[in-house]
Structure formats: C-alpha cells, structure tokens
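Number of protein chains: 2
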Amino acid sequence: MLIVQKFGGTSVGDLERIANVAKRVAKTRDEGHDVIVVVSAMSGETNKLIEYAHFFSKNPQREAMDLLLSSGERVTSALLSIALNEMGYKAVAMTGRQAGIVTDKRHTSARIDHINPKPMGDAVKEGNIVVVAGFQGINEEGRVTTLGRGGSDLTAVAIAGALKADLCEIYTDVDGVYTTDPRIEPKAKKMDRISYDEMLELASLGAKVLQNRSVELAKKMGVNLVTRSSFNDNPGTLITKEENIMEKPLVSGIALDKNQSRVSLKGVEDRPGIASEIFNALAEDAVNVDMIVQTIGADGKTEIDFTVPQSEIERVKGVMERFKESIESIEYKDDVAKVSIVGVGMKSHSGVAAKAFTTMAKENINIEMISTSEIKISMVIDEKYAELAVRALHEAYELDK
Amino acid sequence: MLIVQKFGGTSVGDLERIANVAKRVAKTRDEGHDVIVVVSAMSGETNKLIEYAHFFSKNPQREAMDLLLSSGERVTSALLSIALNEMGYKAVAMTGRQAGIVTDKRHTSARIDHINPKPMGDAVKEGNIVVVAGFQGINEEGRVTTLGRGGSDLTAVAIAGALKADLCEIYTDVDGVYTTDPRIEPKAKKMDRISYDEMLELASLGAKVLQNRSVELAKKMGVNLVTRSSFNDNPGTLITKEENIMEKPLVSGIALDKNQSRVSLKGVEDRPGIASEIFNALAEDAVNVDMIVQTIGADGKTEIDFTVPQSEIERVKGVMERFKESIESIEYKDDVAKVSIVGVGMKSHSGVAAKAFTTMAKENINIEMISTSEIKISMVIDEKYAELAVRALHEAYELDK
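Quick mapping for you: the protein sequence lines, in order, are chains A and B.
So the first sequence is numbered by the numbering used here: it starts at 1093 and just counts up by one.
So the second sequence is numbered by the numbering used here: it starts at 1093 and just counts up by one.
And the structure:
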C-alpha cells in the first residue's frame, strides 16, 4: 500500500516527539508500505513567526508572510528526514515546491491548483520515505504560498489524491471522531467509520478534528481518510464514501457550537427584496450567516432571525445601522448554543427530528430556532442548557451503545 | 548607483536590529540608489538548527541539512521586507532560488555556478528594494543548497558581480579593515582602501573581517567591496583593484595567527621523493599545511619543518605514524605564532624584509621559520612574543601615522 501520514504541530512539538514520529513512520515502512509523510511546523513556531512579523506591521505584506511562515514546516521535514536516515531508512525531505504542489496566487490563503506527482512518485519508486513540508506550495510565478489554517491536512489529502494513495492518515492528539465531545458526555464513543458528508456536518458544527476544506477535498478525490492519535496505537476513525459503510446508523453524532450569536430583526419593513438586501449587505462585509428563519408574527409583522459567529457580531451591528429605517427593533443574543444531530441514516428514516424535539421538551428546553438538511438537524437553544441537551440527545439516540 | 548591502547575523540579531537595518536600507534608497539587500540568519538561529539536527544524528544527511539551515535566512529576508513595506518602501523578499542563484551539487558547501540576473533585475526596475536570503541557492536538480561559512558574503558579492553593481557593502560589527588587531595595538588605524590581494593575505593570516572566498570572488568579478559597521556611519574600508589605489603604502597591515602548530621532522631519510610522500599523505588526510622549510643540518641530515592549524595536529600525528621508520625524531610545538607583514608596495621596494628581521632582533625575538610571497612576509616565532612582535612591527613600518 501507499500510505500518506500527516503529523500536526503537537505531534512534532519537540525533538523527542519528532523522534517518536520517526519510529511510527519506520514501523509503517517495516510493514512493507510505501510512505509519504506530511509535517506541520513544531507547535509554537508559527505563532512565534507571526509575532515577529507583527513587531513590524499590523498588516504584514502577504507575500513575505508566506516566505516567513513556510519556514517552520521546512525545518520539521528536514529534521524528520535526518532522523529517519540515522535509523537506516532511505528518506528525502521536500518543500512544497519540490513536491510539485502548485497553488493559485492568493498569498496566505492559497488553494492547491494541482500537484505534479512525478518528483514524489519517483522518490517513492527509488525506495525513499518522502517527507513533505506541509501547508505550502508555489504559484505559477514561482513564489512561495501558504494554504491557510489546516493547510498541512490539505497538503496530505491532495498528495494522497494525486498519487492515488490507499490511505491518508491524519495524526493529531485525539483518537478519532467521537459521537460527541467526551468532555461533555463521558459515554461518548469513538466511531470506526463515518461518511464524508457526516464528517463535513460535524466539522462545520464544531467538531475540531478536521477542517472542512480537507474533508471536502478527500470526498472530491475519493481519498480514504483516517484520523488517529500519534500518542497511541488506537486505530482511529475512517472517513470514507457512504457506500463503504455497511451499517448506517440513524444518528452518528451530536455536535455543539457555543460560539454563535442570534440576531432577531423584528418588524421588518414589508416590501419585496428587503431580506435579500440585508443578507447581501452582510455577505459583502464577510459575515458568515449560518441559520436563517423568517416568520410572520401574530401582529402580521415580519420577523427575521439568524445566527452568526460571535466574533462577527460587531460587523453585523455595522451593517444593521444601514437598515435601521426599515426595521422596528434589533436584538442581539450571545448566550445561545447550536446543538446538531448528524447521521446519514436520517435520509431513509423518519421520526429522527420528532425524537429530538421530544427529548428537548422532556428536559424543558425551549427550541429557539430549527434548521434541517438531509443528514442534519440543528437547534438553537439557550446556552445554559447546551451540555444538558447534548447528553440527553446522546442517550436518546443510544449513541453510547 | 546600484548598491548591494549585506547584513550579517549580529546586524540582524534581533527584531530591533532588523528595524535599524531597514532604516539604513531606506536611507540608501532615499539617496536615490537602487538597493539589493542580502541578509544572514538572526544570530543564534543557525546554531539552534544545527543543535536540533545533532539531536538526531552526529553526521546528519547533508541534503536535509541544507533545507534546515536555509530557513534562517528566509525568515530574516521576509521580516526585513515586511519592515520596509510598512515604512512605505516597495520591497520584495526572495529566496536564493527566486533570486536565480544556481550552485553545484555539493550540499552544505556548494559553490555558486551562476546567477540568473533577470528576476532581481526586473524587480529593481519595477522600483523594488530586493531582499535576498543569503547563504543559499538551488542546484540543477532543483534541490536547496547552502554555501558554507561566509556564504551570505559570497551571495552578496556574486549578486553584485552578476548585476554589475557599483558597490557591494558588507556590514558587520567592526568598522573595516585595520592595520592590525586593535585589541593588540590600540594605535591600529582603519584603512580607507586596500587591494584584493592584500585583503586575501590578511584574511588568510587571521584577519576575520572577510572570508577569502568572498574576496577572491570580488577580485575575479571586479566588485568594489566595502566592509563597514552596521552600528555607526563610519565609511569603512574599500577593497578594490590595485590600480584604484593611488598611494600604495609599503606595508598595509600586520596579521597574527596564534592557531598554528609547528611540526619538526629531524633526520629525515635521505632519498628522493620522501618529502613528496609525506606531504601527499598529509593532503590525503585533509591536513592544511601552511609554511614549509627544509634544511640540511650541520650533521648533513635533512630537517623538514612545517606548520598546520592546531586543530589538525592529531591528524598529523596519525599520518606521521606511517613514516616513523624514515624519520629519526618528530617534534610537535603548539606554542608558536605566525606574524605576517602584508603590502603591495613590497613588490617595488627592497628592504622590507630586512626591516622586519632587524625589528625582531632588536626585541630579542628568535625567528623560527620564514616564508615570503610577492606581497607578504610571514615569520613563525615563540607564541609568548606574539603581541610584542605585532606592536614592534606596527611601529617600525609607521602604520600608526
């Protein structure tokens, strides 16, 4: 098999840990597999470099930032290659450029355009373990670019796709994907398998194991993704095509997002296009609106409720200032939480939503907003009931079984 | 004018110092010049990375070392570019690769093969200050290489040569080249100008301002080199063609090297080729033999004396073991010093050597070995007289005037 293994910042956090990563990579090689390793910067390095840059500028030149930030991953890849060589393994370190990773021009948040698989493929054929500096590539002008947050995961998935690897293992400090956050519900169980779509919903709903960009790319390229811990030998969670999952559970997991704010626009002027104007204005100011509910109150007046990340609430206020003539009153509420139930089984089963609402009612939790998709039900509730709601739903759907 | 400015590790030792370098570069730009800046890694960074590598291996994989070590200069170049941009100057950071620096394949001690001047030339034409990461390039296979000790100086000189710059300024923490080490002779004077050849002799004799590789390259490419301090505005020393120096002093400077050992081979077997065998064997073991003197003693026996760097004395002993059948006795002496007088004026004036010997005699200093070249006289003496000899010669040749 060809296996791509990606090790994040905490997994390569110091020299001892890099030595442990070398042992794990060597073990995979000993099992007869070809291995391409993708590494992040040692934890703390990237933040240190950002601090350096901010000493000179609040808004540092982006092209130079990419040159600056890409250096951390280069260091780790060189060190891991040195460690593997010393252990008697043939290894070669490659920068994003050397690994043939070509991106668009967007400095500090570039997207991978394509990968030239030849340099890595040739090195693997020659018996090398290839150690790639994650998070970086070059654009068509030959300038170094970086991929933004989660960039090393993306590098790993894109390489696995381009080289048709059998498996792409993402090593972090957690064992895999859980039915819910174990810090909230100790009975939470690690899932063996989960579909791309479920993972996407869970990730966008607050599960921090993987970023959506990586899961989306894995889905697009059909990469079998495994998320597992670099600190033990537990098998982790396989994220794969829905058809690869035999037994589809009704509900796979419960996600919680407490970083949402609710905005209620009451008495919105009754004319066509007003909602479109508001949400276009928010989009132009880069506000990420999540759930939207529009209702006509008993008084015949239109109410629009929506949620946004708490960090964007000031920008929302700025936009709303422009609409104050058209809206009777605006309420902002920070202490809300979004609880979501995710599962591909919902597609073919009814009654999943009903059970959620019943469970909330039993606990006397008021549901303020509801939104559903084919494989997800999200509810906005008062933040103080967040953990209670998660535990109640976890039990109701028997996720601890 | 097009000016290349190179700032070494101490000049960019921390963020405050990088900010000062930015001011100095900006000032040169304000004076109407085009500027290309070459930077080293922040002092301490390279040693830190070497320590990291040695955690894994005593003899780390060279190709990976180059990837590792080249990252320090990249960081500095990115930070300086960010600083200049923030100050309102158009600046662009470039790696060795982006600057078009192509080297041979020798990892960790590569030589610059050629420079493609187009990327830097175009950037300068577009009004940019170009900030190049020193010490690095890529080889023909596209792998990152580093240039070894003094590599950033070499980068600067090679760029100045390739782009036909009017001046290449090497900024360090000293004011320039002195007639002798001011710690030994406080009356030592900074020279305004010195020829390449004199500088080469002084550098190889222990003056630590510039490495020979850089001076040799400057000579070959006809680059006007200035060495000056980044901590004040003193004009420094211009190192240039002999014909650019109007008033040629008889003697330019006195150099001292205390890191030499003297090896005396007494009663060497009297057969043709024995000396050749000995020195070939030393060369094969990478011993850098400096001065060699062969004499026939009063007893008709051959004596061979030579000097080597103290650090190589163990290797010499290893080689000599193989010749013990052919040599009556071998003496090793560590407490010797080499004092040298350098000056292009010697070429056309006699009596320079005689004055040196007279000066030594006056001070009752025994000369153990002598070697001369067109512009240099070197004498090996007892180490305890080293400073006295330097001061006496400095006065004899009126270098304080």
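All residues carry an ideal CB built from backbone N, CA and C; glycine is no exception.
For the stretch 1229-1246 of chain A, enumerate the residues whose C-beta is nearer than 9 Å to any C-beta of chain B, in chain order.
G1234, R1235 and V1236
Complete beta strand (DSSP E) runs within the stretch 1339-1401 of chain B (minimum length 3 residues, chain order)
Counting whole runs of 3 or more residues, the stretch 1339-1401 of chain B contains the beta strand (DSSP E) stretches 1345-1360, 1384-1388 and 1394-1401.
Of all the residues that make up the stretch 1139-1151 of chain B, which are near chain A by a beta-carbon distance shorter than 8 Å?
Taking a C-beta cut-off of 8 Å against chain A, the contacting residues of the stretch 1139-1151 of chain B are L1141, Y1144, A1145, F1147, F1148 and S1149, listed in chain order.
Between the alpha carbons of E1406 of chain A and I1457 of chain A, how many angstroms are there, rounded?
28 Å
Within 10 angstroms of the Cβ of E1290 of chain B, are there 16 or more other Cβ atoms? Answer buried if so, exposed if not.
With 16 or more other Cβ atoms within 10 Å, it is buried.
Chain B residues whose Cβ lies nearer than 8 Å to that of R1121 of chain A:
What R1121 of chain A touches in chain B: nothing, since even the nearest Cβ is about 16 Å away.
Quick one: give me the first and last residue of the beta strand (DSSP E) that E1423 of chain A is part of.
I1419 to K1425
Would you please verify whether the beta carbon of R1166 of chain B is less than 7 Å from any beta carbon of chain A?
yes
Between the stretch 1356-1369 of chain B and the stretch 1430-1448 of chain B, do three or more beta carbon pairs fall short of 8 Å?
no
Enclosing beta strand (DSSP E) for T1264 of chain B [first to last residue]:
L1259 to T1264
Only counting the same chain, and skipping five residues up and downstream in sequence, which positions put a Cβ closer than 7 Å to that of Q1190 of chain B?
P1211
Could you tell me how far apart the beta carbons of E1115 of chain B and Y1263 of chain B are, in whole angstroms, since I believe they sit closer than 8 Å?
The residue you asked about is not Glu; residue 1115 of chain B is Lys in the sequence shown. At roughly 13 Å, the Cβ-Cβ gap does not stay under 8 Å, so K1115 of chain B and Y1263 of chain B are not in contact.
Quick check: is the beta carbon of E1178 of chain A nearer than 7 Å to any beta carbon in chain B?
yes
Beta strand (DSSP E) containing T1238 of chain A: first to last residue?
Unbroken beta strand (DSSP E) run through T1238 of chain A: V1236 to T1238.
Are the C-beta atoms of A1191 of chain B and some chain A residue less than 7 Å apart?
Taking 7 Å as the CB threshold, A1191 of chain B stays off the interface with chain A.
Terminal residues of the alpha helix (DSSP H) in which G1253 of chain B lies:
G1243 to A1254
Test: S1163 of chain B CB closer than 7 Å to a CB of chain A:
yes
Would T1187 of chain B be called buried (16 or more neighbouring beta carbons within 10 Å of its own) or exposed?
buried
Would you mind working out which of A:I1384, A:K1140 and A:M1338 sits nearest V1355 of chain A, comparing C-alpha positions?
A check of alpha carbon separations from V1355 of chain A across A:I1384, A:K1140 and A:M1338 identifies A:I1384 as the nearest.
Check whether V1343 of chain A and V1301 of chain A have beta carbons under 7 Å apart:
No, the pair does not count as a contact, with Cβ atoms beyond the cut-off.
Interfacial residues, the stretch 1309-1329 of chain A to chain B, with Cβ spacing under 7 Å
Of all residues in the stretch 1309-1329 of chain A, none places a beta-carbon less than 7 Å from a beta-carbon of chain B.
Within chain B, partners of Q1153 of chain A - CB distance below 7 Å:
S1173, I1174 and N1177
Can you tell me whether D1377 of chain A is buried or exposed, with buried defined as 16 or more other CB within 10 angstroms of its CB?
Exposed, by the Cβ-count rule.
Using only alpha-carbon positions, find the residue among B:V1431, B:M1412, B:A1429 and B:K1430 that is nearest to I1422 of chain B.
Each of B:V1431, B:M1412, B:A1429 and B:K1430 was checked against the Cα of I1422 of chain B, and the nearest Cα belongs to B:M1412.
Inter-residue spacing [alpha-carbon to alpha-carbon] between G1359 of chain B and S1470 of chain B
25 Å
Short check: CB of V1472 of chain B to CB of K1425 of chain B, under 7 Å?
no
Among A:E1475, A:F1398 and A:E1490, which residue has its Cα nearest to the Cα of I1462 of chain A?
Selected option, being the one with the closest Cα: A:F1398.
Can you confirm whether L1159 of chain B, when its beta carbon is compared against all beta carbons of chain A, has any partner nearer than 7 Å?
yes
Determine the extent of the alpha helix (DSSP H) in which K1493 of chain A is found, giving its start and end residues.
No alpha helix (DSSP H) contains K1493 of chain A, which DSSP labels as neither H nor E.
From what residue to what residue does the beta strand (DSSP E) around A1183 of chain B run?
Counting along the chain, the unbroken beta strand (DSSP E) around A1183 of chain B starts and ends at A1183 to M1186.
Under 9 Å by beta carbon: chain B residues contacting A1156 of chain A:
S1169, A1170, L1171, L1172, S1173, I1174, N1177, A1183, V1184, A1185 and V1223
Chain A contact for L1107 of chain B (CB, 7 Å cutoff)
yes
Looking only at its chain, what residues have a beta carbon closer than 6 Å to the beta carbon of N1177 of chain A, apart from the 5 residues adjacent to it on each side?
A1183
Cα-Cα separation between P1327 of chain B and D1284 of chain B, rounded to whole angstroms
8 Å
I1433 of chain A: which of A:A1390, A:D1391 and A:A1484 sits nearest, CA to CA?
A:A1484
If contacts are defined as beta-carbon pairs under 8 Å, then S1163 of chain A and S1163 of chain B qualify, I think. What distance do you get, rounded to the angstrom?
4 Å
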